[in-house]
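Here the structure comes first, spelled out in structure tokens, and everything after it is commentary.
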Amino acid sequence: MKRLISAAVAAILVFAAQSAHAGATFDAVKARGQVNCGVNTGLAGFSAPDERGVWRGIDVDVCRAVAAAMFGDATKVRYVPLTAQQRFTALQSGEIDVLSRNTTWTSQRDIELGLNFTGVTYYDGQGFLVAKKLNVKSAKELNGATVCVLAGTTTELNLADWFRANNLQFRPVVIEKNEELAQTFFANRCDAITSDASQLAAIRASSAPNPDDFMILPEIISKEPLGPAVRHGDDQWFDLVKWSLFAMIQAEEKGITSKNIDSFKDSPDPEIKRILGITPGQGKALGVDDRWAANIIRQVGNYGESFERNVGKDSKLKLERGLNALWTNGGLMYAMPIR
Amino acid sequence: MRGAVYQAVALLGVIAVGWFLVSNTLDNLSNRGIVTGFGFLERPASFAIGEVLAEYSPADTFARALYIGLLNTLFVSALGIVLATLLGATIGIARLSPNWPVRVIAGGYVEMVRNVPLLLQLFLWYALITQGLPGPREAIRLLPGVFLSNRGLVVPWFGPDGFTAPHLAGFNFQGGAAISPELAALLFGLSVYTAAFIAEVVRGGILAVPKGQTEAALSLGLSRRQALRFVILPQALRIIVPPLSSQYLNLLKNSSLAVAIGYPDLVSVANTAINITGQAIEGFAIVMAVFVAISLALSALMNWYNRRIAVTR
Chain A
5 MKRLISAAVA AILVFAAQSA HAGATFDAVK ARGQVNCGVN TGLAGFSAPD
55 ERGVWRGIDV DVCRAVAAAM FGDATKVRYV PLTAQQRFTA LQSGEIDVLS
105 RNTTWTSQRD IELGLNFTGV TYYDGQGFLV AKKLNVKSAK ELNGATVCVL
155 AGTTTELNLA DWFRANNLQF RPVVIEKNEE LAQTFFANRC DAITSDASQL
205 AAIRASSAPN PDDFMILPEI ISKEPLGPAV RHGDDQWFDL VKWSLFAMIQ
255 AEEKGITSKN IDSFKDSPDP EIKRILGITP GQGKALGVDD RWAANIIRQV
305 GNYGESFERN VGKDSKLKLE RGLNALWTNG GLMYAMPIR
Chain B
701 MRGAVYQAVA LLGVIAVGWF LVSNTLDNLS NRGIVTGFGF LERPASFAIG
751 EVLAEYSPAD TFARALYIGL LNTLFVSALG IVLATLLGAT IGIARLSPNW
801 PVRVIAGGYV EMVRNVPLLL QLFLWYALIT QGLPGPREAI RLLPGVFLSN
851 RGLVVPWFGP DGFTAPHLAG FNFQGGAAIS PELAALLFGL SVYTAAFIAE
901 VVRGGILAVP KGQTEAALSL GLSRRQALRF VILPQALRII VPPLSSQYLN
951 LLKNSSLAVA IGYPDLVSVA NTAINITGQA IEGFAIVMAV FVAISLALSA
1001 LMNWYNRRIA VTR
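Residue numbers (the working numbering), protein chains in the order written: chain A, 5 to 343; chain B, 701 to 1013.
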């Protein structure tokens, strides 16, 4: 009942909210001096507090990048941990300014929920994690299985669709929070757990009694482009969040990192001059400092640095770049040109 | 006259606030391009539900899915009310027992159970069942055809193929009927928790019957058990029923904690529907309306029973 009430209260915030005027979110964030950023309640590599209570992850880096662009200070973020169910209401009602919580960009969310997705931080796909001792080599062998799944995600839909399409039976156990979901799966209540493949890697690395006893099945049953979202009604804010992410990707393409950024200050490349704010004008049009992108790169790093630090080879998830490599390396990461 | 004016003003105030909230919400929703309305109920739900008491497939509508969730809520609440009443009445009477170990154990039960949040108790029962019991391939065989594992308790029962005994096939038991760990944990948690409150209601009701009644019954030669059965409890019942109704309503409402441990009750199904459709306000409105309707029906039933057992003067 308590959950119902808290969710209802969040819904009621929609009642109370003032009607939006252009630039409302941008101005409110600027006046407040910090970005209210909706993140996951705890998903290693994407958004989770570390042992000192500092939020870390690839989704958290988006929040930090936006703060760096806006205020020149990546720490000016208030993190609001949200369950899958709370996230859209929190954004719609104005409780948060940007939602960066491994959220799949779908037409329904973009069109019907009054949201705008600003880009893709991670190209993901739904998979299955099973215990090796089950001797299952393919998801097609899961007929009759019990499957643990997180409540309120596109995962629930894909799961039902895929089993129907393949004419297989299954029984879902739907649980609200990641931590309890993982605990239930590792207690062997379910034969398989399904989620985005990156999340399965995170769950296996952080919650499994022995990660080597579990494997991710080869089938990827859906496209899950994860990205940040803002609510309708403030295109200036939409632009800022969108270009903060593009700046990180573009910086990687140009080879600019948080470490070597100072060596580019005499670069003859006109695009690098624009990114670093040496050629003025761009920041002013966005409503922020001309060094907005330089601040992001200096304080948060480029996309590749963020990836490797949080989910890639320097993290315990050890995910490959795969689809998330730059387009120049055969991946899908492609920033619109900064000019 | 003045009273009537005050009441009219208060009523107008309530209507004005209600009107403001509704119109402001609709304005905000349309400003933000959020689709509203109950049209989504007719669309296919597309998600599966783990436990169903009636026919359901993902091709059915959202309305049907919510109905399945409602049946689960009613099912667990009805069973919970019966179990909590039996357990609560027993504990309540035990608290007044002349036998002190019985009295102390019953008192300890009440104090332990009602002072720990229900959500924690549900997590505890669920963890005990899923982590304490073996997997289906190592299930404990209690009786022929009756198996206990962390997939639940399976028993021989009538199914679509007639009377079948459960047997291990593939990942899990097929045939027969199963009580899932989610249902078991929720039912057990709700019953145990509510029973502690019911025990206090029962104890209070019995203590409220004047001591002279017991003494008179005993002096007439009735045994202690007979005095309780024929003299004390019938009088205590009239005191017990109204607060008991509140406990039943609490149990019904607490059943919405099911979402935390994966039992697909109305709230759990509505949560999923809200997430898929994004129609949070409509979804919550439906859930609230349903809970209010069930609660009012339950209250009406308890009031009718209360009048029936009342002393007619």
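From the three backbone atoms N, C-alpha and C, an ideal C-beta is built for every residue, glycine too.
Values in this document were obtained by computation on a predicted structure and should not be read as measured data.
Residues of the segment 756-782 of chain B with a C-beta atom less than 7 angstroms from some C-beta of chain A are P758, listed in chain order.
When secondary structure is reduced to three states using DSSP, A/T150 falls in the strand class. The Cβ atoms of A/I282 and A/I260 do not sit closer than 8 angstroms to each other.
Partner residues in a beta bridge of A/F190, as assigned by DSSP, do not exist.
For a cut-off of 8 angstroms, the C-beta gap from A/Q89 to A/S226 is around 20 angstroms, too long to register as a contact. The C-beta of A/E180 comes closer than 8 angstroms to at least one C-beta of chain B.
By the criterion of a C-beta distance shorter than 8 angstroms, A/K269 is surrounded in its chain by L280 and I282, once the five residues flanking it on both sides are discounted. Counting only residues of its own chain and dropping the five nearest sequence neighbours on each side, B/L818 has a CB closer than 8 angstroms to the CB of G889, L890, Y893, N954 and L957. In the pairwise beta carbon analysis, the segment 194-212 of chain A is classified as not touching the segment 29-40 of chain A: fewer than three pairs are separated by under 8 angstroms.
Taken through DSSP and simplified to helix, strand or coil, A/V66 comes out as helix. In the three-state reduction of the DSSP assignment, A/A155 falls in the coil class, being assigned neither a helical nor a strand state. For a cut-off of 8 angstroms, the C-beta gap from A/T45 to A/L103 is around 13 angstroms, too long to register as a contact.
In terms of Cβ geometry, A/G118 and A/H236 form a close pair [threshold 8 angstroms]. For the pair A/A72 and A/I265, the CB atoms are not nearer than the 8 angstroms cut-off. DSSP places B/L783 inside the alpha helix (DSSP H), whose first and last residues are F762 to A794.
In this structure, B/A885 is the residue among B/V714, B/L786, B/A885 and B/V855 with its C-alpha nearest to the C-alpha of B/V776.
DSSP places A/I179 inside the beta strand (DSSP E), whose first and last residues are F174 to I179. A distance below 7 angstroms between beta-carbons, with the five flanking residues on each side excluded, links A/A135 to the following residues of its chain, in chain order: D217 and F218. Pairing A/M340 with A/G123, the inter-Cα distance amounts to about 10 angstroms. Close partners of B/F897 in chain A (Cβ separation under 8 angstroms) are lacking, with about 15 angstroms as the shortest Cβ gap. Within chain A, no C-beta atom comes less than 9 angstroms from the C-beta of B/G905; the nearest is roughly 26 angstroms away.
Non-local C-beta neighbours of B/W825 in its own chain, meaning closer than 6 angstroms and more than five positions away in sequence, comprise A885, F888 and G889, ordered along the chain.
B/P881 is the residue among B/P881, B/P801 and B/L843 whose C-alpha sits nearest the C-alpha of B/P834. A/D63 sits buried, since 16 or more C-beta atoms from the chains shown fall within 10 Å of its C-beta. In the three-state reduction of the DSSP assignment, A/T87 falls in the coil class. Exposed is the label assigned to B/V722, since fewer than 16 other Cβ atoms lie within 10 Å of its Cβ. Per DSSP, A/R36 lies in no beta strand (DSSP E) segment; the continuous alpha helix (DSSP H) that holds it begins and ends at A28 to R36.
Nearest Cα to B/S849 within the set B/I879, B/D861, B/G859 and B/W857: B/I879. Following the DSSP letters along the chain, one finds A/N120 inside the beta strand (DSSP E) bounded by residues L119 to F121.
The Cβ neighbour count for A/N333, taken over all protein chains shown within 10 Å, is under 16; the residue is labelled exposed.
Interface with chain A (8 angstroms Cβ-Cβ cutoff): B/V735 is included.
Positions of the alpha helix (DSSP H) runs, each at least 4 residues long and wholly inside the segment 208-282 of chain A, are given as 239-257 and 274-279 in order along the chain.
Judged by their CB atoms, A/A186 and A/I207 are nearer to each other than the 8 angstroms cut-off. In chain A, no part has a C-beta under 9 angstroms from the C-beta of B/S946; the shortest such distance is about 14 angstroms.
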